[in-house]
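Numbering-wise, the working numbering comes out as the position in the sequence shown, counting from 1, plus 44. What follows is a short report on a single structure.
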Amino acid sequence: MPWLRPAKWVGTGAGVAGAVLVALNIGVTGYGFVLFLVSSLLWGAAGFAQRELSLVVLQGAFTAINLLGIYRWLMV
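What follows is the structure in structure tokens.
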């Protein structure tokens, strides 16, 4: 699966960037959740491809939490 390695690195970068945006607390927190969502989706896909159920479940939970964060910070 040639897409797997780049997807994991992009997911890692998006997760780190999302954490920075949330930690800055300067009004861009909602966009941090968008980056967290990208990270969760990519890592969930990687877990699925590698048949790592624990990673899929974890990223599924993170996806739900990130969608809640996006709703609360960017839509309400």
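Glycine is no exception: its CB is placed at the ideal position from the N, C-alpha and C atoms.
Apart from sequence neighbours up to five positions away, the residues of its chain that approach Met45 with a beta-carbon distance below 6 Å are Ala93, ordered along the chain. Spanning the alpha carbons of Gly88 and Val100 requires a straight line of approximately 5 Å. Here the segment 97-115 lies against the segment 76-88, with 3 or more beta-carbon pairs under 8 Å apart.
Remark: C-beta atoms of Val54 and Leu65 do not approach each other more closely than 7 Å. About 6 Å separates the beta carbons of Ala51 and Ala90, which is inside the 8 Å limit, making them a contact pair.
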